[in-house]
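What follows is a short report on a single structure.
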């Protein structure tokens, strides 16, 4: 699987070799003020950790002995490509029926190898500002969901591969875990990284350090390895990597197989479900052998809880290999029957039909699957899986408390306060009752968060709450004398520039005595055009 650095569909993301379609269906809108809702059914944790100890190696978990306790723990956690355009609104139940998601990918900054970044394109702070990532995570959690962050991927550089200072590497992983208060991480190791012994050892040491720190603070941190696979299970390099990771002190939750791209262009795999099952059946023995080498004998059911599968939904990179909806249903049944620890998909961004212009043509795209489907068909298949990560809260229902009627304060709001008389273009962001909303289309007088017959009928998408550390929006003022100060006396001609309250404006038409507006967005009936941009305004017309 891959990561995005460039954020347009032609160059970005996924494990796609060529992306030629960026169409997505409608339906990404968030219901306006949910009060109470039933979450996706979840009943227990994924992983049973045995209590036997080998020299220098200890488990933090406990053994589960009843098979029926293990078979209901398959965890659905689809991937979301964070930096892909358009930004996937994972906090929106209309876009994401899954309770938990894996956000991909954190990689090394291209210029600072020990600094984590999203897809090599955004620092953690940049992602909070430009992608509203922190706010959207908060909103997902408010609705009872959670995230796992995935490090690595097919593109860019995984941190341990390029950051060679042990302390700096541990600090890099720690900064991500602490910033997003993570209970689970995923290490997606591919390409040359999978056989690079120095980076494997550095990674294990750094992750074990962070995991131990979390445990000492009373917080569990599940760690998954995501690795390439064939019909024969893990590669030899994959087996060695898993072994070295455990030897390095990591309390490994499980190994997630990339069950995709099994064949070649000359010999594609026609039955993707059969190939997936074969890979898992082989890998379960490999995992048992790895733990046996550590002096730990896993029960049959426990072996399965330590495995996961991640198919690439729809068209794979290998032309002729297609993971269908029937394959998905078969994998869900298999996961339930075996007690498979985890099922992910690559990716929610792709869980949609392609544009009608691509009818009957198998295309590779980051934003559609190239198979006949309705939006989110694949995700809906796997939401029947009942488990959650071992470290996440368990339960069948989540009640989301009514939001209080907050009095909005411009001094603490990251975007302009919504006004009923303002005219809002699409993509404009506002604050209303302590929540941030984004306009889906031009509207006026439609209150964000107001009840509509259907969530998709509202012209506003809920992004998430105003955060305690949000910086109040404020346009940059210019120095006195940059332009003449506005005065009510002159007759201004079209195109004349003035300063008003330190902000630059240009006359739209001849006017006199009409002051520029400080209410944003400035409407088309104002005589003065703002010559500055505000946070929250669309970046393009």
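Numbering (the numbering used here), first residue to last: 1339 to 1879.
Quick reminder that beta carbons are idealized off the backbone N, C-alpha and C, glycines included.
Since we're looking at a predicted model, the values are computed, not measured.
message: If contacts are defined as beta-carbon pairs under 8 Å, then residue 1649 and residue 1598 qualify, I think. What distance do you get, rounded to the angstrom?
response: About 6 Å separates the beta carbons of residue 1649 and residue 1598, which is inside the 8 Å limit, making them a contact pair.
- request: Report the residue from 1714, 1802 and 1555 whose alpha carbon sits nearest the alpha carbon of residue 1769.
  value: Comparing alpha-carbon positions, the option among 1714, 1802 and 1555 lying closest to residue 1769 turns out to be 1802.
query: Hey, how far is the Cα of residue 1452 from the Cα of residue 1704?
result: One Cα belongs to residue 1452, the other to residue 1704, and the distance between them is close to 28 Å.
- prompt: Whose CA, out of 1610, 1497 and 1416, lies closest to the CA of residue 1525?
  reply: From the listed residues 1610, 1497 and 1416, the smallest Cα separation to residue 1525 is found for 1497.
Straight-line gap, residue 1362 to residue 1707 (C-alpha atoms, nearest Å): Legend: pLDDT at residue 1362 = 34, less than 50; position of this residue unreliable, value from coordinates given subsequently. When rounded, the separation of the alpha-carbon atoms in residue 1362 and residue 1707 is 10 Å.
- prompt: Identify the residues that DSSP records as bridge partners of residue 1823: which are they?
  reply: In DSSP, residue 1823 forms a bridge with 1837.
- prompt: Which partner residues of residue 1717 appear in the DSSP bridge assignment?
  reply: In DSSP, residue 1717 forms no bridge with anything.
task: With DSSP as the reference, label residue 1799 as helix, strand or coil.
output: Correct three-state label for residue 1799: strand.
- request: Mind checking which residues open and close the alpha helix (DSSP H) that includes residue 1672?
  value: That run of the alpha helix (DSSP H) goes 1663 to 1676.
8 Å CB neighbourhood of residue 1568 in its chain, flanking five on each side removed: So the qualifying residues of the chain are 1600 and 1617.
- prompt: Taking the C-alpha atoms as reference points, what is the distance between residue 1853 and residue 1871?
  reply: Rounded to whole angstroms, residue 1853 to residue 1871 spans 19 Å at the Cα level.
query: Is it right to say residue 1850 is buried, meaning 16 or more other beta carbons lie within 10 angstroms of its own, or is it exposed?
result: The residue in question, residue 1850, is exposed, as its Cβ has fewer than 16 Cβ neighbours within 10 Å.
- prompt: For residue 1374, does the count of other Cβ atoms within 10 angstroms reach 16, so buried, or fall short, so exposed?
  reply: With a pLDDT of only 34 at residue 1374, under 50, the local geometry of the prediction cannot be trusted, and no value is derived from it.
field: Distance, residue 1641 Cα to residue 1634 Cα
entry: Here the C-alpha atom of residue 1634 lies approximately 11 Å from the C-alpha atom of residue 1641.
query: Leaving out five residues before and five after residue 1370 in sequence, what residues of the same chain have Cβ atoms less than 8 Å from its Cβ?
result: Confidence is the limiting factor: at residue 1370 the pLDDT is only 36, short of 50, which leaves the residue's position unreliable, though a coordinate-based value still follows. Excluding residues up to 5 positions away in sequence, 1786, 1787, 1788, 1789, 1790, 1793, 1796, 1798 and 1800 lie with their Cβ nearer than 8 Å to the Cβ of residue 1370 in the same chain.
Same chain, Cβ closer than 6 Å to residue 1488, neighbours up to 5 away in sequence not counted: Residues of the same chain with a CB within less than 6 Å of the CB of residue 1488, apart from the 5 flanking positions on each side, are 1440, 1442, 1443, 1524 and 1526 in chain order.
message: Taking the beta strand (DSSP E) that residue 1610 belongs to, which residues open and close that run?
response: According to the DSSP assignment, residue 1610 belongs to no beta strand (DSSP E) but to the alpha helix (DSSP H) extending over 1610 to 1631.
- prompt: If we count the other Cβ atoms within 10 Å of its Cβ and call it buried at 16 or more, is residue 1739 buried or exposed?
  reply: At residue 1739 the pLDDT is 41, less than 50, meaning the model places this residue with poor confidence; the figure from the coordinates comes in the next sentence. Taking all protein chains in view, the Cβ of residue 1739 is surrounded by fewer than 16 other Cβ atoms within 10 Å, so the residue is classified as exposed.
- prompt: With a CB to CB cut of under 7 Å and the five nearest residues on each side skipped, what residues in its chain are close to residue 1685?
  reply: Same-chain partners within the cutoff: 1352, 1416, 1417, 1418 and 1419.
- prompt: With a cut-off of 8 Å, do at least 3 Cβ pairs link the stretch 1823 to 1831 to the stretch 1453 to 1464?
  reply: Output reads no: the stretch 1453 to 1464 does not touch the stretch 1823 to 1831.
- prompt: Shorter than 8 Å from the beta carbon of residue 1800 to some beta carbon of chain B?
  reply: The structure shown contains no chain B, having only a single protein chain.
message: Applying the 10 Å Cβ sphere with the 16-neighbour rule, what's the burial state of residue 1711?
response: Around the beta carbon of residue 1711, 16 or more other beta carbons lie within 10 angstroms, which makes this residue buried.
The stretch 1828 to 1844 touching the stretch 1771 to 1783, judged by at least three CB pairs closer than 8 Å: Contact between the stretch 1828 to 1844 and the stretch 1771 to 1783 is absent, because fewer than three Cβ pairs lie under 8 Å.
query: Going straight from the alpha carbon of residue 1411 to that of residue 1745, what length do you get?
result: Between residue 1411 and residue 1745, the alpha-carbon positions lie close to 43 Å from each other.
task: Kindly indicate which three-state DSSP category residue 1446 falls into: helix, strand or coil?
output: In this structure, residue 1446 counts as strand in the three-state DSSP scheme.
field: Cβ neighbours of residue 1845 in the same chain (closer than 7 Å, five flanking residues each side left out)
entry: So the list reads 1830, 1831, 1832, 1833, 1834, 1865 and 1866, once near-sequence residues are dropped.
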